[in-house]
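Step one of this worksheet: look at the structure below.
In my numbering, the protein residues as written are 386 to 529.
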C-alpha cells in the first residue's frame, strides 16, 4: 500500500499513541470509560478500523486501502449477552482503561450497569386484574 504513487503514509496500531478515548460523544471529561484507541491491536467487531491511509488523492487512498492485507487471528466469540457476561466468556478489554465507571466489571465485559425503578410494582400487581410475567430481550438501547 505504501508503494502506491501518491500515498504518503499507512498507519497501524503500532504507529498511533497509546492514548485512550471514549466513542460515546460526551464532551471531556466524559462520564464513560476511555477504552478505545484510534487503531486497536485487537479487532473486536466487523468494521473496526485497522489502518489509516494518507494520500494526495482519494483515488490513491482507495488503491492503498484495497492493497492492505490483514492477517486475523480469530478469537472465541459469544453471541448471547448473558453468556458474554459469564465467567467463561472471553474478555473484550483485558487491558486496564481510563475513567472506569463506578460499577464497571471489565472482567465480565460490563462497561456500566444502571438500574432504574419507578413506582410500586408490588402494589400494581396487587391492583391488577391479571398479571403476565416473562423475560423479554431487545437490541441494545443507549442513552435512555
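Where a beta carbon is used, it is the ideal one built from N, C-alpha and C, also for glycine.
Under the three-state reduction of DSSP output, residue 437 falls in the strand class. By the Cβ-count criterion, residue 418 is buried, with 16 or more other Cβ atoms from all chains shown falling within 10 Å of its own Cβ. In this chain, the beta strand (DSSP E) harbouring residue 392 covers 392-396.
For residue 474, the three-state secondary structure derived from DSSP is coil.
Taking all protein chains shown into account, residue 420 has 16 or more neighbouring C-beta atoms within 10 Å of its C-beta and is therefore buried.
Between residue 524 and the set 506, 513, 518, 465, the nearest pair of CA atoms involves 465. CA-to-CA, the gap between residue 514 and residue 482 works out to about 50 Å. In the displayed model, residue 506 falls within a helix according to three-state DSSP.
The straight-line gap separating the alpha-carbon atoms of residue 425 and residue 480 is approximately 12 Å. Sequence-distant Cβ neighbours of residue 391 in its own chain, meaning closer than 7 Å and more than five residues away, are 440, 441, 442, 445. Inter-residue distance for residue 475 and residue 468 is about 10 Å (C-alpha atoms, whole angstroms).
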